[in-house]
Amino acid sequence: MWRVALGILALFAAGCSGPADDPCAGDPAPGIVCRVAGTGEFGFNGDGRPAPESDLYLVSAARRGPDGDIYVMDFNNQRLRVIDGVTGTMRTIAGNGFHAYATEDIPALDSPLENPVDFGFLPSGDVVFVSLHDPRVLTIDDGGYLRVLAGSFEAAERGDEGDGGPALEARFMELNGIAVAPDGTIYLADGPASRVRRIKDGVIETVAGDGEEAYTGDGGPGTEASLHYPTALELDAAGNLYIADSLNHAVRKLSPDGVITTVPGTGPGAAAGSEGQPVGLAIEADGTLYVAEREAFCVRRVSPDGSVEVIAGNGERGLAGDGGRALDAEFGFLLRIALDGDSLLVADQTESCVRRVILR
Numbered sequence: 000m001w002r003v004a005l006g007i008l009a010l011f012a013a014g015c016s017g018p019a020d021d022p023c024a025g026d027p028a029p030g031i032v033c034r035v036a037g038t039g040e041f042g043f044n045g046d047g048r049p050a051p052e053s054d055l056y057l058v059s060a061a062r063r064g065p066d067g068d069i070y071v072m073d074f075n076n077q078r079l080r081v082i083d084g085v086t087g088t089m090r091t092i093a094g095n096g097f098h099a100y101a102t103e104d105i106p107a108l109d110s111p112l113e114n115p116v117d118f119g120f121l122p123s124g125d126v127v128f129v130s131l132h133d134p135r136v137l138t139i140d141d142g143g144y145l146r147v148l149a150g151s152f153e154a155a156e157r158g159d160e161g162d163g164g165p166a167l168e169a170r171f172m173e174l175n176g177i178a179v180a181p182d183g184t185i186y187l188a189d190g191p192a193s194r195v196r197r198i199k200d201g202v203i204e205t206v207a208g209d210g211e212e213a214y215t216g217d218g219g220p221g222t223e224a225s226l227h228y229p230t231a232l233e234l235d236a237a238g239n240l241y242i243a244d245s246l247n248h249a250v251r252k253l254s255p256d257g258v259i260t261t262v263p264g265t266g267p268g269a270a271a272g273s274e275g276q277p278v279g280l281a282i283e284a285d286g287t288l289y290v291a292e293r294e295a296f297c298v299r300r301v302s303p304d305g306s307v308e309v310i311a312g313n314g315e316r317g318l319a320g321d322g323g324r325a326l327d328a329e330f331g332f333l334l335r336i337a338l339d340g341d342s343l344l345v346a347d348q349t350e351s352c353v354r355r356v357i358l359r
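Written as structure tokens, this is what we have:
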């Protein structure tokens with residue numbers, strides 16, 4: 000199961016390829032893959048270096064923030080890092096490198112973290128994130144201090160504890176996915192609980208998943224459906240919530256009125272979900288969905304009509320092909336993906352790199 004691999008992954012890593020004058024320089028051509036950050040070596044070699052020269056340790060997510068910088072979850076370095084949008088250098092904004100529950104109400108740089116795995120941005124521009132082994136939702140305020148938005152140190156037993164009440168009194172099992180709506184509503188994926196929960200106006204409730212590890216409920220209320228280890232979450236402009244139902248090999252869609260369905264082209268036996276677990280999602284304005292598949296070492300594109308094609312990855316695990324065709328490149332175990340203009344940012348976790356697939 001992929002979540003087990005988060006802590007015990009391969010002991011070997013190769014360097015990312017791609018000299019400064021390769022096809023990734025300037026205005027890259029559509030269909031190629033480029034390195035954004037990471038040397039491919041597991042480690043931490045400090046801040047202030049160009050992002051491609053900065054060691055990372057199991058990247059879990061990367062996306063551009065409202066300030067123009069690219070934010071990177073450095074999962075096993077216990078840090079949230081930022082690539083400066085002007086200089087291209089990398090710095091840390093949260094985490095001191097130690098593995099422990101985060102400390103509230105202190106500078107984020109002075110706090111330990113527990114494997115930060117995914118993040119989003121509040122309407123204020125503040126980053127909000129979840130950590131795999133810390134059952135709370137954290138944010139960094141304008142002053143650079145850590146604040147708790149939801150959860151407590153006590154882990155949940157069922158995964159719905161606190162529903163209908165203040166989010167600060169809720170309990171979670173293991174948070175590993177987050178999405179934020181334009182109005183500030185927060186959606187959370189709790190994998191072991193097989194639930195997706197929502198925080199709106201400070202109140203928490205379950206919106207998908209009945210707590211059973213199964214694949215049921217399409218066409219009915221999301222709260223009566225069964226999921227199996229949801230991970231990545233993504234919202235479209237219409238307010239539909241897309242859920243990477245990872246161990247069901249499916250992408251589910253929860254409509255604004257609470258009805259759940261399976262996205263055409265995904266699900267058990269479908270091309271987009273049959274080979275690997277979907278763990279990363281990104282969606283275009285026209286409804287085109289991109290799916291990162293962890294154990295298939297690829298990214299697929301699912302068109303609104305349900306047709307599916309691979310756009311990155313040759314199906315072999317490795318780290319090769321930067322500067323060349325994305326379809327010929329090797330990827331490791333992937334995690335989150337995010338649209339960035341005309342390209343797709345890919346967290347290549349086991350290769351400790353952030354890579355960019357040029358879409359157009």
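Quick note on numbering that gives the first Met the number 0: the sequence shown kicks off at 0 and runs consecutively. Backbone N, C-alpha and C fix where the C-beta goes; we use that ideal spot for every residue, glycine too.
Check your understanding: In the DSSP assignment, what residue or residues form a beta bridge with E329?
Key -> A319
Review point. What does DSSP give as the partner residues of H248 in its beta bridges?
Key: According to DSSP, H248 bridges with nothing at all.
Check your understanding: In whole angstroms, what separates the C-alpha of E160 from that of I203?
Key -> 10 Å
Point to revise | Identity of the residue in A328, A93 and I357 nearest D341 by Cα | key: I357
Practice item. Return the Cβ separation of P277 and T265 in integer angstroms, given the expectation that the two are a contact with Cβ distance under 8 Å. Key: 7 Å
Point to revise | Residue environment, L344, which counts as buried when at least 16 other CB atoms sit within 10 Å | key: buried
**Study point:** Euclidean distance between Cα positions of T230 and A166
**Key:** 20 Å
Review point. Among A236, E315, Y70 and E294, which one has its Cα closest to the Cα of T287?
Key: A236
Practice item. Count the other CB atoms, across all protein chains shown, that sit within 10 Å of the CB of V250; report buried if there are 16 or more and exposed otherwise. Key: buried
Point to revise | V85 classed as buried or exposed, judged by whether at least 16 other C-beta atoms fall within 10 angstroms | key: exposed
Review point. Which residues mark the beginning and the end of the beta strand (DSSP E) in which A107 is found?
Key: It is not in any beta strand (DSSP E) - A107 carries neither H nor E in the DSSP assignment.
Point to revise | Close beta carbons around I282, own chain, < 6 Å, minus the five adjacent residues each side | key: E233, D235 and L288
Point to revise | Cut-off 8 Å between Cβ atoms - residues of its own chain near S151, not counting five sequence neighbours on either side | key: P134, R135, L167, E168, A169 and R170
**Study point:** Opening and closing residue of the beta strand (DSSP E) in which E350 lies
**Key:** Segment: none, E350 is in no beta strand (DSSP E) and carries neither H nor E.
Review point. Assuming Y100 and D73 make a contact with CB atoms under 8 Å, what is their CB distance in whole Å?
Key: At roughly 18 Å, the Cβ-Cβ gap does not stay under 8 Å, so Y100 and D73 are not in contact.
Check your understanding: Can you tell me whether DSSP reads G275 as helix, strand or coil?
Key -> coil
**Study point:** Nonlocal neighbours in the same chain, by C-beta distance under 7 Å from P65, ignoring five residues either side
**Key:** F120 and G124
Exercise for review: Would you please state the rounded distance, in angstroms, between the beta carbons of D46 and T91? I believe it to be under 8 Å.
Suggested key: 5 Å
Review point. So V127 packs on I177, CB below 8 Å; how close in whole Å?
Key: 7 Å
Check your understanding: Leaving out five residues before and five after E113 in sequence, what residues of the same chain have Cβ atoms less than 8 Å from its Cβ?
Key -> Q77, H98, A99, Y100, A101, S130, L131, H132 and D133
Practice item. Report the rounded CA-to-CA distance for P106 versus A24, giving the unit in angstroms. Key: 37 Å
Point to revise | Delimiting residues of the beta strand (DSSP E) encompassing R146 | key: L145 to G150
Check your understanding: Could you give the distance in angstroms between the alpha-carbon of R324 and the alpha-carbon of D189?
Key -> 35 Å
**Study point:** Nearest neighbour of S174, chosen from F332, T38, P115 and G314 [CA to CA]
**Key:** The residue you asked about is not Ser; residue 174 is Leu in the sequence shown. It is P115 whose Cα lies nearest to the Cα of L174.
Exercise for review: Can you give me the Cβ contacts of R316 inside the same chain, cut-off strictly under 7 Å, excluding the 5 residues immediately before and after it?
Suggested key: F296, E329 and G331
Review point. Expressed to the nearest angstrom, what Euclidean distance is found between the alpha-carbon atoms of G201 and A149?
Key: 8 Å
Point to revise | Candidates V71, L326, A60 and G67, of which the one nearest S53 by Cα | key: V71
Check your understanding: Where does F120 sit, in a helix, a strand or coil, going by DSSP?
Key -> strand
Review point. Are the beta-carbon atoms belonging to Y241 and S193 less than 8 Å from one another?
Key: no
Point to revise | CA-to-CA distance, P51 to T38, given in whole angstroms | key: 6 Å
Exercise for review: Evaluate D244 with the Cβ neighbour count: other Cβ atoms within 10 Å of its Cβ, from every protein chain shown; 16 or more gives buried, anything less gives exposed.
Suggested key: buried
Review point. Does the Cβ of E156 have 16 or more other Cβ atoms within 10 Å, making it buried, or fewer, making it exposed?
Key: exposed
Exercise for review: Below 8 Å on the Cβ atoms is my guess for R293 versus P29; work out the distance and round it to an integer in Å.
Suggested key: Going by Cβ atoms, the distance from R293 to P29 rounds to 25 Å, so no, they are not a contact pair.
Review point. Helix, strand or coil for L344 per DSSP?
Key: strand
**Study point:** Between the CA atoms of R146 and G305 - distance to the nearest angstrom
**Key:** 41 Å
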